[in-house]
Amino acid sequence: MKIVRVQYTTRPDYVAINQQNIAAVVAELKVLNHPGIKYGTWLLPDGKTFMHFDQFESEAAHLILQELSSFKKFAEELEASGLEVEPKLELLSLVASTETYF
492 MKIVRVQYTT RPDYVAINQQ NIAAVVAELK VLNHPGIKYG TWLLPDGKTF MHFDQFESEA
552 AHLILQELSS FKKFAEELEA SGLEVEPKLE LLSLVASTET YF
């Protein structure tokens, strides 16, 4: 299993665009309905910091996400947007959970 947490801060004028791009990724993932991908994004109280928390059954499942056209668009536009705080990526290890994962 691979668990990824990414956090970054956008400019205030980019928040709505980023939310639209994330919604497009989620919509494509829902259509794909891959049982080995759990994808979620939260907006922090400042209204411009995003936290993605994703679980994958394997590296191959993570690659499926990265190859989605909606994800490529999201990543390219985010990189070009002029972020206030660059993305910080962390790989996490599960200790315990009430959820059943892969």
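Just so we're aligned, residue 492 is where the sequence shown starts under our numbering, counting upward by one. Glycine included, every Cβ here is placed at the ideal spot set by N, Cα and C. The structure displayed is predicted, hence computed values, not measured ones.
Local Cβ density within 10 Å of Asn509, reported as buried at 16 or more and exposed below that: Along the sequence shown, read from residue 1 onward, the residue named residue 509 stands at position 18. By the Cβ-count criterion, Asn509 is buried, with 16 or more other Cβ atoms from all chains shown falling within 10 Å of its own Cβ.
Range covered by the beta strand (DSSP E) that runs through Leu534: Along the sequence shown, read from residue 1 onward, the residue named residue 534 stands at position 43. For Leu534, the enclosing beta strand (DSSP E) has its first and last residue at Ile528 to Leu534.
Complete alpha helix (DSSP H) runs within the region 547–592 (minimum length 4 residues, chain order): 550–558 and 560–571
Collapsed DSSP secondary structure at Lys539 in the structure displayed: Position 48 of the sequence shown, counted from the first residue, corresponds to residue 539. Lys539: coil per DSSP, three-state reduction.
Per-residue burial, Gln557 [other beta carbons within 10 Å of its own, 16 or more giving buried]: Reading the sequence shown from its first residue, position 66 is the one you call residue 557. So Gln557 ends up on the exposed side.
Boundaries (first-last residue) of the alpha helix (DSSP H) holding Asn512: Numbered from 1 along the sequence shown, position 21 holds the residue referred to as residue 512. Unbroken alpha helix (DSSP H) run through Asn512: Val506 to Leu523.
Check: Leu559 C-beta below 7 angstroms from any heavy atom of the ligand FMN: With respect to small molecules bound, the structure shown includes none, and the ligand FMN cannot be examined in it.
Rounded C-alpha distance that separates Leu583 from Pro526: Within the sequence shown, numbered from 1, the residue matching residue 583 stands at position 92. Within the sequence shown, numbered from 1, the residue matching residue 526 stands at position 35. Pairing Leu583 with Pro526, the inter-Cα distance amounts to about 20 angstroms.
The region 540–548 contacting the region 559–568, beta-carbon criterion three pairs below 8 angstroms: no
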